[in-house]
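Participant: Residue numbers (UniProt numbering): 1 to 230.
By construction, the Cβ of each residue, glycine as well, lies at the ideal position given by its N, Cα and C atoms.
#1: Based on the DSSP secondary-structure assignment, which residues constitute the bridge partners of residue 95?
#2: Is DSSP giving residue 179 helix, strand or coil here?
#3: Check this for me: beta carbons of residue 19 and residue 49, under 8 Å apart or not?
#4: Checking 8 Å against the spacing of the C-beta atoms, do residue 29 and residue 3 come in under that value?
#5: Out of 74, 33, 8, 54, which one is the CA nearest neighbour of residue 145?
#6: Buried or exposed: residue 231, going by 16 or more other Cβ atoms within 10 Å of its Cβ?
#7: Residues in its own chain within less than 8 Å of residue 6 by CB, not counting five upstream and five downstream?
#8: Near residue 10, what residues of its chain come up, given a Cβ to Cβ distance below 6 Å and the 5 sequence neighbours on each side ignored?
#9: Identify every residue that forms a DSSP beta bridge with residue 81.
#10: Pick helix, strand or coil for residue 16, following the three-state DSSP scheme.
#11: May I ask you to report which of helix, strand or coil DSSP gives residue 29?
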């Protein structure tokens, strides 16, 4: 959704009976940034789909991901899609493997263009394992789900960001609640209920995701983690 679409949807929830004008859009944009910054300060993390690229390293199958890792961007919680683009501009899909499937591969040192990956969301660094082991430098294109806290990136009404459905509903309905006092409007009971329930869902997701890193970090032990040594 674009920022303007989010704002327009929130505006409708207040039952204003008109479309938002330029002043309304500016007010709602400021409120949206303020609300998301407040949520971030309360550790209410928003997760959004992010597209990025990184180069393969010939002879390297394992890539740490996060601050201080081989891939230095923010650690994702989930990989959505992946493909490799070769030097001719052709795209080659890379399929997901579950842990048991990756562990069942007998020859993990097989060289070639990767056709599959296993993503292990350890903390603080996640690890991604490619199979086969890259034998040349090519560009990996990956879509992943990451915590999103950069409210300042909403600087224009045309900016877009892709949230999971429950997050979109939470933003729209809570933005309506956030702005309603300024407009002298009392939101309907339905808007209040949806705002509360969707925000609770997000907080539940956050609580669950905060448990996982502790357990995984316990298993990582001292030093680096290498799934091939299990």
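Facilitator: According to the data block:
#1: 116
#2: Looking at residue 179 - three-state DSSP - the assignment turns out to be helix.
#3: no
#4: yes
#5: 74
#6: There is no way to answer for residue 231, as the model of the chain reaches only from 1 to 230.
#7: 32, 168, 171, 172, 175
#8: 172, 175, 176
#9: Paired residue(s): 143.
#10: coil
#11: It is helical.
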